[in-house]
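Enquirer: When we follow my numbering, the leftmost residue of the sequence shown carries the number 27, and every step to the right adds one.
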Amino acid sequence: MNDSNFERDMDCKIHEPLSPKEGFVFVGKLEDFSKGKGRVFKVDGKSVAVFRVDDRCFAINDICPHQGASLGKGRLKGFVVSCPWHHQQFDIRSGFGPDGGGYCVVNYDVVVDKGNVFVCLKKRDWLTGE
27 MNDSNFERDM DCKIHEPLSP KEGFVFVGKL EDFSKGKGRV FKVDGKSVAV FRVDDRCFAI
87 NDICPHQGAS LGKGRLKGFV VSCPWHHQQF DIRSGFGPDG GGYCVVNYDV VVDKGNVFVC
147 LKKRDWLTGE
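What follows is the structure in C-alpha cells.
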C-alpha cells in the first residue's frame with residue numbers, strides 16, 4: 027500500500043477565537059494542505075479526510091463504506107478520490123460516486139477563512155432542513 031498521498035494528523039478541538047461560525051472546527055492552515063493529498067483528522071471523535079484542490083478544501087468521512095479503508099490514503103484525481111483497497115470512487119464535493127450510484131460517504135462543510143481551514147460535522151437533516 028502506497029502512503030505517499032497520505033498525512034495523518036492530530037485530534038482537533040473547537041477553537042472558539044478562530045472559528046468563523048458556530049460548530050466549525052479549526053483543522054489547519056491552508057498552506058499546510060498539499061494539493062491533491064488527503065489529511066485525516068479526528069474531529070469530535072469522527073475520522074474526517076480533508077482534501078485540497080487549488081485553494082479550496084473538501085471534507086468527507088474518512089472510512090470507505092465498502093470495507094473500511096481510509097479514504098484519506100486514497101488517490102485524488104480532480105475531485106474524485108479512489109479507495110486505496112478496492113478503488114471505489116467518491117466525489118469529494120458531494121460524497122457520491124462519480125456516476126451517482128453505488129456507495130456514498132458523508133461530506134462535510136468546509137470554510138477557508140484568512141488561510142485557516144475549518145470543518146463542520148453538523149449536517150442539516152435532509153427531511154426537516156434543520
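Glycine included, every Cβ here is placed at the ideal spot set by N, Cα and C. The model shown is predicted, which means the values in this text are computed figures rather than measured ones.
1. Are there three or more Cβ pairs, one per stretch, closer than 8 Å when the stretch 54-72 is compared with the stretch 83-93?
2. Pick out whichever of Ser108, Phe144, Val138, Leu102 has its Cα sitting closest to the Cα of Asp5.
3. Within 10 angstroms of the Cβ of Lys99, are there 16 or more other Cβ atoms? Answer buried if so, exposed if not.
4. Could you please give the first and the last residue of the uninterrupted beta strand (DSSP E) stretch that includes Ser73?
5. Below 8 Å on the Cβ atoms is my contact criterion, and I expect Cys146 with Phe50 to pass it. Report the Cβ-Cβ distance as a whole number of Å.
6. Going by DSSP in three states, Pro124 sits in which element: helix, strand or coil?
7. Taking 9 Å as the threshold (C-beta atoms), are Val76 and Phe52 in contact?
8. In this structure, how does DSSP classify Gly104 when only helix, strand and coil are distinguished?
Expert: Walking through what the data contain:
1. Between the stretch 54-72 and the stretch 83-93, the count of C-beta pairs closer than 8 Å reaches three or more; the two stretches touch.
2. In the structure as shown, the chain begins at 27 and stops at 156. Residue 5 is therefore absent and cannot be evaluated.
3. Stepping through the sequence shown from its first residue, residue 99 is reached at position 73. It counts as buried.
4. As a working note, residue 73 is residue 47 in the sequence shown. That run of the beta strand (DSSP E) goes 72-79.
5. Locating residue 146 in the sequence shown gives position 120, counting from the first residue. Locating residue 50 in the sequence shown gives position 24, counting from the first residue. Sure, about 5 Å apart at Cβ, within 8 Å.
6. As a first step, residue 124 is located in the sequence shown; it is residue number 98 there, counting from the start. Coil.
7. Taking the sequence shown and counting its residues from 1, one reaches residue 52 at position 26. Taking the sequence shown and counting its residues from 1, one reaches residue 76 at position 50. No, the pair does not count as a contact, with Cβ atoms beyond the cut-off.
8. Within the sequence shown, residue 104 is the residue found at index 78, counting from 1. Reduced to three states, the DSSP call for Gly104 is coil.
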